[in-house]
Structures are given as structure tokens and as C-alpha cells.
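Asker:
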Amino acid sequence: MIVDQRIGLRIIGKEIFGVIMLMTAWDFIVVILFQVFHQEWMEQPSLPTSLIGSALALFMGFRSNSAYARWWEARTLWGAITNNSRSFGRQVGSLLKDRPDLMLAMAAYPYALRGALGNVDVSADVNRLLPPEMARAIAGWRNQPNAILYQLGLGVSDEVAKKGIDGAVHGQIDRILSDLANAQGGLERIRNTPLPMQFSALPRALVNVFCIVLPLSMVQTLEWITPLGSSLVGILFLVLDKSANDLQEPFADTPHALPMATMARTIEIDVVQPTGRPVPPPITAVDGIQP
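Residue numbers (the UniProt record's numbering): 1 to 291.
(1) Identify, in the order they occur along the chain, each residue of the same chain with its Cβ nearer than 8 Å to the Cβ of Arg75, setting aside the five sequence neighbours on each side.
(2) Asn146: buried (16+ other C-beta within 10 angstroms of its C-beta) or exposed?
(3) Expressed to the nearest angstrom, what Euclidean distance is found between the alpha-carbon atoms of Leu113 and Gln220?
(4) With DSSP as the reference, identify every bridge partner of Ile2, one or two as the case may be.
(5) Whether or not the region 42-57 and the region 214-229 are in contact is what I'm after, with contact meaning three or more pairs of Cβ atoms, one per stretch, closer than 8 Å; do they touch?
(6) Tell me the start and end of each unbroken alpha helix (DSSP H) in the region 141-221 that is at least 4 residues and wholly inside, in chain order.
(7) Taking C-alpha atoms, which residue in Ile20, Ile16, Gln151 lies nearest to Asp174?
(8) Which two residues bound the contiguous alpha helix (DSSP H) that contains Arg265?
(9) For Ile11 versus Ser87, is the C-beta spacing smaller than 8 Å?
(10) Asp158 to Ala285, Cα distance in whole Å?
(11) Pull up the distance between the alpha-carbon of Leu240 and that of Ala137, whole angstroms please.
(12) In three-state terms, what does DSSP make of Leu104?
(13) Check whether the region 190-198 and the region 18-34 touch, using three or more Cβ-Cβ pairs below 8 Å as the test.
(14) Where does the unbroken alpha helix (DSSP H) through Gly234 begin, and where does it stop?
(15) Using the three-state DSSP reduction, which class does Pro110 fall into: helix, strand or coil?
(16) Rank Asp166, Phe210, Gln172 by C-alpha distance to the C-alpha of Ser46 and give the top, closest one.
(17) Measuring CB to CB, does Ala108 end up less than 8 Å from Leu130?
(18) Report back the beta-carbon spacing between Pro282 and Arg265 to the nearest angstrom; my notes put them in contact at under 8 Å.
(19) Would you decide whether Asn245 is buried or exposed? Buried here means 16 or more other CB atoms lie within 10 Å of its CB.
(20) Using the C-alpha atoms, what's the distance from Pro203 back to Met106?
(21) Looking at C-beta atoms only, is the number of pairs between the region 160-174 and the region 84-99 that lie closer than 8 Å three or more?
(22) Specify the secondary structure class of Gly276 as computed by DSSP and reduced to three states.
(23) How many Å lie between Glu73 and Pro280 at the Cα?
(24) Under the rule that 16 or more other beta-carbon atoms within 10 Å means buried, what is Glu268, buried or exposed?
(25) Alpha helix (DSSP H) containing Ile283: first to last residue?
(26) By the DSSP assignment, the alpha helix (DSSP H) with Val36 in it spans what residues?
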């Protein structure tokens, strides 16, 4: 996730620089054909383009809102993962004091979830935290995060039965695990359900067509400064399209995705530290990007 606005502007500018150059080159071609070679057919009425631009702006705004809502929901669900992980650590640490392995497994859970959502290799972090017996128990499971939750549930149930802990207390811990499973399910729904094609591929095609037609409707009025006016309007639409495209994939390996590594490390620190074991330092931003 980009946390430095200056870096963010630089990244977005770099990503759309090639398209801007092509768009500006087309603007100059239109101006030269109209002004120097007097190609009158290059002149097109401005009203249709204005109406198309207005409709496209509304559509792009709606798409940006949908993409941001998707990104923000993913962030909210990760917040639920963080809060419930802390609650689990507090309950287990205060009630099942001789089971620090459960807290270590809870610390491994967000790393496993990050790996499942982002298709990244998190085996080093998971193996570092997950107790060996649990690692053997979940070997071969397709859904590793869910397997860890299942093992946590078994561990809590066994310990509650051994110590004769009140069923109401057991129910509280079980609800925490259920809330974690619900949040995980919401994150998996976002990952497995991309925005429809009408919200992903179609806007880019419409923006490209609009940027091609735009200088044709400006050239008679703006003449030699058509490239400036057309480029400014085109950049606005390109930025809107790029922003929505980046936000619609909150788990992708891009600077615009959620900082899942940072959140997983935060959970590890909060859950493991009460056990007295050493914890790694928090992850800090690198070049304005929080991983």
C-alpha cells in the first residue's frame, strides 16, 4: 500500500506514461493534419464528444466507487481478523496459560491467510510459528488457513475438557474462531469474485476510444494548443481508469494492494509477545510503500 503521496503520484505517472506519450503523439498528428495539410475532415463537432465524455465520466466514477468499496471491504475484513486474533490470544493467554502453542498457531494464521489470498510463498513464516504437530496435522489440506482454525478449535476443546472450564467460556472462544472463519470467507469471496467484465475491460476500451476522438472535436477551437487541452482531459480519464483497476484487486502483488505482510506481522507481535517469546520488529514502509 502506498503511504507516501509523492511516491504514489510518481508510481501512477510512471505506469501511465507510455499511454500519455501515445495520446500526445496522436494529438500532434491531428493538429498537423488540420493546420498544415488542411484536412478538414479531421474537424468533428464538439457536442457529441462532450456528451460522451459526460456519460463516460459518470460511468468511470461509478466504477471507481465500486472498486474502492471492494478494496475497503477487504481492509475492513482484515481489521476483523486482527481484532479477533488479539481477542483469541487474550482469552487463551488468560484461561489456558499452559498452551502457548495455540497462541503461536494463531500468529501463524494470518501469514497462511496472506499466502492463500495473494498466492505468495509464506512457508517460512508459517513453519517458524506453527507447532510441528499442527504442521503435520494440516499437511495436505488445500485450505491452510481453515486447517489452522480447525486445529485451534480442537486444541481449545481438548484443553477445556481437561480443565473442566465452564462451557460459556468455551463458547466465547469458539465464537472468536467463528468470527475469524466468517472474515476469511469474506476475503475469499472478494478474491474469487472479480468485478464483471463491464467494470474491468470495457472502461479501458471506452477511455482509449474517447482519447482518440477527443482532439478531433478540439482542433478547430484550440488549434495548436490542442495537444495540451486534449492531453489534460485524457490524463484525467486515464488516472480514473488506472486507479479503479488497481483498487479492484486488493490482494495482488502491486504497490496499491493491502499491506497484508504488515498486518500479519502486527498480529504476530500482539499475540506472541504475551507468551514472553521474542518477536520480530514491525514492518516499516520501504520507498513509501507498506508491504
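Ideal Cβ placement from N, Cα and C applies to all residues, glycine included. Note that the structure is a prediction, hence the values are computed from the model and not measured.
Answerer: Taking the structure as given:
(1) Pro250, Leu258, listed in sequence order.
(2) Its Cβ being crowded by 16 or more others within 10 Å, Asn146 is buried.
(3) Note on geometry: alpha-carbon atoms of Leu113 and Gln220 lie some 57 Å from one another.
(4) According to DSSP, Ile2 shares a beta bridge with Ile289.
(5) These segments touch.
(6) Listed in chain order, the complete alpha helix (DSSP H) runs (minimum 4 residues) inside the region 141-221 are 144-163, 167-192.
(7) Closest by alpha carbon: Gln151.
(8) If you look at Arg265, you'll find it in the alpha helix (DSSP H) that goes 260-272.
(9) No. Outside cutoff.
(10) Between Asp158 and Ala285, the C-alpha separation is close to 41 Å.
(11) When rounded, the distance between both Cα atoms is 47 Å.
(12) Reduced to three states, the DSSP call for Leu104 is helix.
(13) Not touching, per the Cβ criterion.
(14) For Gly234, the enclosing alpha helix (DSSP H) begins and ends at 226-247.
(15) DSSP places Pro110 in helix when its eight states are reduced to three.
(16) Nearest to Ser46 by alpha-carbon distance, out of Asp166, Phe210, Gln172, is Phe210.
(17) Leu130 sits close to Ala108, with the two beta carbons spaced by under 8 Å.
(18) For a cut-off of 8 Å, the C-beta gap from Pro282 to Arg265 is around 6 Å, short enough to register as a contact.
(19) Answer is buried; the Cβ neighbour count reaches 16.
(20) So the two alpha carbons sit approximately 42 Å from each other.
(21) They touch, by the three-pair rule.
(22) Judged by DSSP in its simplified three-state form, Gly276 adopts coil rather than helix or strand.
(23) The C-alpha of Glu73 lies about 28 Å from the C-alpha of Pro280.
(24) With 16 or more Cβ atoms within 10 Å of its Cβ, Glu268 is classed as buried.
(25) Going by DSSP, Ile283 is part of no alpha helix (DSSP H) at all; its letter is neither H nor E.
(26) From DSSP, Val36 is part of no alpha helix (DSSP H); its letter is neither H nor E.
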